[in-house]
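Chains B and U supply the protein sequences, listed in that same order.
Oh and the first sequence: position 23 is 234 in the numbering used here, straight run, nothing missing.
Oh and the second sequence: position 330 is 541 in the numbering used here, straight run, nothing missing.
Here a beta-carbon is modelled for each residue, glycine too, at the ideal position from N, C-alpha and C.
Quantities reported herein were computed from a predicted structural model and do not represent experimental measurements.
All remarks here apply to the structure that follows.
Number of protein chains: 2
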Amino acid sequence: MARRGRVGIADVAARAGVSVTTVSHVLSSRRPVAEATRAKVLEVIAELDYRPNEMARGMRSQRTSAIALLVPDLSHPFHTSAARGLQDAVRPKGYHCIVSATDGDGDVERDLIRQLMTRVDGMVIAGAEPGIVAVQPLIDAEVPLVLLGADIPGPGFDVVTNADYDAGAMAAHHLVDQGRRRIGFITGSQDFGGPARRVEGYRSAVERADPALVIRSDGSLEGGARCMARLLDAAEPPDAVICISDVVAIGALYAARDRSVAVPEDLAVIGFDDIEAAALVTPPLTTMATSSREHGAAAGELLLRRIDSAEQVEPRRVVFPATLVRRQSA
Amino acid sequence: MARRGRVGIADVAARAGVSVTTVSHVLSSRRPVAEATRAKVLEVIAELDYRPNEMARGMRSQRTSAIALLVPDLSHPFHTSAARGLQDAVRPKGYHCIVSATDGDGDVERDLIRQLMTRVDGMVIAGAEPGIVAVQPLIDAEVPLVLLGADIPGPGFDVVTNADYDAGAMAAHHLVDQGRRRIGFITGSQDFGGPARRVEGYRSAVERADPALVIRSDGSLEGGARCMARLLDAAEPPDAVICISDVVAIGALYAARDRSVAVPEDLAVIGFDDIEAAALVTPPLTTMATSSREHGAAAGELLLRRIDSAEQVEPRRVVFPATLVRRQSA
DNA sequence: ATGAAAGCGCTAACAG
DNA sequence: CTGTTAGCGCTTTCAT
């Protein structure tokens, strides 16, 4: 019997005049139950409003029907959109998806991983690069794992990522092609992984990129505005800037407007992601569209594959290209 | 010993030459352990990279250190911001926060509640009105519960909410005061609870509000644009519109621009929430600011209070006023 | 077609 | 200060 007034499987069994085993089996359909018995049990379950304790169930069966998504920042559209894709991919298979934010704090992250790893059937972690983020425990414990935004898969985990290097290069080329001479880059809070590769791509495309023109924001809209302001107030301001995300880019637009710097005439701005707001700001933002939702969905498929197969599976890598969406800011 | 190569508390105990009880206690500090023993145990724990199984722990101790937030839609800034506030409120107390999206689907919601209720120490549910959303199981099972956006607390749950009626009235009055005659209202996917009360407030402030001017969107940006287009294309278009959220309002702005309807000259637009983007669209959006983060934080406090007290606690209600932020769209 | 009983990995009385 | 012993509520052999 369950404590605190909660009804447990034993209560149901007693009331229905069967064993707990039988109740368990009508619930799981893992072995045939006589139709009459089954009906009776179901009736009692409804009557008592019995709901199995997921914790006990999970403990015994070693599966939870839950998967976790860890993101650095819930307020970022890329992440919520990826969450959406992930959710849509796993829900039909009976998994539900819980998401938790790390705030980019390593301790929180480690803690969350610890807490969650024994409560879910698999995890996808966004903005994680092995060696940077503490994913080793997950790999050691053989928890199905997919890294969103990491570049290279490894033993025990798959990755889904953007063609970040190419995307960075493409954005820069677009700017170079329209005659921009001093092209800056405002990065986000993360200076490794995908963001770093975008910067490398940019460097490959811009001859003698001025290091002073590459600066790091905290990834927020205000952060983007602050960085843009700093760039604009410098002795030799840029005539174009690539921003690590649309959120940052919109902040940059804001700072430019504040200083009456005309976009795109005096300053070209390119973002990343193609979030909803991108089309709606003034001027509409040119951006490298990343298929965030597809990223999430792909991560879900990869994760399910790992969950379903008892054996070791070979690490897989899914790469999505980013596409230039030309609007008016560049 | 734990299966599948995972190290369990028994492994640690054996290796350290102590009982599992002792290991458990060095972990929980719930009773003194000799410094030497403690050190030895800690050493073995590190050596074996032991991590307690949260599931087993929770099952035994009836506490999980986790709380869940259920939201209709993760992509809505109000929700992510509330999530942030909630997280900030409970993390210092040792709780981590998992969020899950229901997509406004009743079945998913019921399912998620079922799944999560036995895995967390408490839940906060956004956009839920008792009687509409299936929260009864939570109340019956005495799971600490806070409803975000519901109006009246009840036995077993607290609420934190906006002064929605007042806010709706205030927005409408602002429009009336500037001489608007045909004031519309674009609502969201939810037509009960807070949103409904905003509409009531609006009705109280607008004499003979034309029912044809109150229409329902799906709460998305595109939805807002579609609804605005419909309103604008009608025989007698509105000269002002209140939108249930900034997201919807930005969509409305978009539709207006599409049709070359001048805002605010020919059409005033007011949103709700004061999201980041509100200040950055063109024209900058006038909006009823809701303190989403504070909502989340308040929900966290309320929840902790319920979790901490073994007894019944009297239902509490926290109301935040919305404040008019005047920009240029109205 | 059904039951009895043995745990899943841990914590918490209850002893020393 | 430390160990022994019951379970938490469920699933799953192993019997019947």
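At least one CB of chain U lies nearer than 9 Å to the CB of B:His307. With the criterion set as a beta carbon lying under 9 Å from some beta carbon of chain B, the members of the region 312–329 of chain U are Ala312, Asp314, Val319, Asp322, Leu323, Arg325, Gln326, Leu327, Met328 and Thr329, in sequence order. For the region 286–310 of chain U, the set of residues with a beta-carbon nearer than 8 Å to any beta-carbon of chain B comprises Ser286, Pro288, Thr291, Ser292, Ala294, Arg295, Gln298, Arg302, His307, Cys308, Ile309 and Val310, in chain order.
With 16 or more other Cβ atoms from the protein chains shown falling within 10 Å of its own Cβ, B:Ile256 counts as buried. Look at the beta carbons and you see the region 415–431 of chain U touching the region 382–394 of chain U: at least three pairs across the two are nearer than 8 Å.
Under DSSP, U:Asn373 takes part in a beta bridge, and its partners are U:Phe531.
In the three-state scheme derived from DSSP, where H, G and I count as helix and E and B as strand, U:Asp484 is classed as strand. Contact of B:Ile461 with chain U is assigned, a C-beta pair being separated by under 9 Å. Comparing C-alpha distances from B:Val387 to each of B:Pro263, B:Val452 and B:Asp444 shows the shortest one belongs to B:Val452.
Just so you know, the alpha carbons of U:Leu356 and U:Asp362 end up roughly 14 Å apart. At a Cβ-Cβ threshold of 9 Å, U:Val492 and B:Ala488 count as neighbours. Listed by position along chain B, the residues whose Cβ is nearer than 7 Å to that of U:Gly269 are Met266. Sequence-distant partners of U:His506 (beyond 5 residues in either direction) whose C-beta falls short of 7 Å from its own C-beta, in its chain, are Ala293, Gly296, Leu359, Val371 and Phe531. CA-to-CA, the gap between U:Gly435 and U:Ile397 works out to about 7 Å.
Within the region 272–283 of chain B, the residues whose Cβ lies closer than 9 Å to some Cβ of chain U are Gln273, Thr275, Ser276, Ala277 and Ala279, listed in chain order. For B:Ala337, no CB of chain U lies under 9 Å from its own CB, so it is not counted at the interface with that chain.
Counting other Cβ atoms within 10 Å of its Cβ, U:Arg271 stays below 16 and is therefore classed as exposed. U:Leu359 is bridged by DSSP to U:Ala337 and U:Val371. Leaving aside the five residues that flank B:Gly399 on each side, the residues in its chain whose CB is nearer than 7 Å to its CB run, in chain order, Pro406, Ser428, Gly430, Ile455, Ser456 and Val459. At a beta-carbon threshold of 7 Å, the residues of chain B lying near U:Glu487 are Leu432, ordered along the chain. In summary, no residue of the region 523–538 of chain U has a CB separated from any CB of chain B by less than 8 Å. An exposed status is given to B:Glu353, since fewer than 16 other beta-carbon atoms sit within 10 Å of its beta-carbon.
Cβ atoms of B:Leu513 and B:Arg527 come within 8 Å of each other, at about 6 Å. For B:Asp351, the neighbours in chain U by C-beta distance under 8 Å run, in chain order, Asp260. Taking the beta carbon of B:Tyr465 as reference, the chain U residues within 7 Å of it are Leu491, listed in sequence order. Between B:Arg517 and chain U, the shortest Cβ-Cβ separation is not below 9 Å. Distances from the alpha-carbon of B:Gln326 to those of B:Pro364, B:Gly367, B:Val472 and B:Leu280 put B:Leu280 closest.
DSSP links U:Val459 through a beta bridge to no other residue.
When C-alpha distances from B:Gly305 are compared across U:Val319, U:Gly305, U:Ile343 and U:Pro366, the shortest belongs to U:Val319.
DSSP places U:Phe289 in the helix class (H, G or I) of the three-state scheme.
For B:Val255, the secondary structure class from DSSP, reduced to helix, strand or coil, is helix. Taking one beta carbon from each stretch, the region 343–351 of chain B and the region 283–293 of chain B have fewer than 3 pairs nearer than 8 Å; the two do not touch. Among the bridge pairs identified by DSSP, U:Val492 is matched with B:Val492. Counting only residues of its own chain and dropping the five nearest sequence neighbours on each side, B:Ile461 has a CB closer than 8 Å to the CB of Leu432, Gly435, Gly482, Ala488, Ala489, Val492 and Leu496. For U:Leu514, no beta strand (DSSP E) run applies; the uninterrupted alpha helix (DSSP H) run containing it begins and ends at Ser503 to Asp519, by DSSP.
The beta carbon of B:Pro263 falls within 9 Å of a beta carbon belonging to chain U, placing the residue at that interface.
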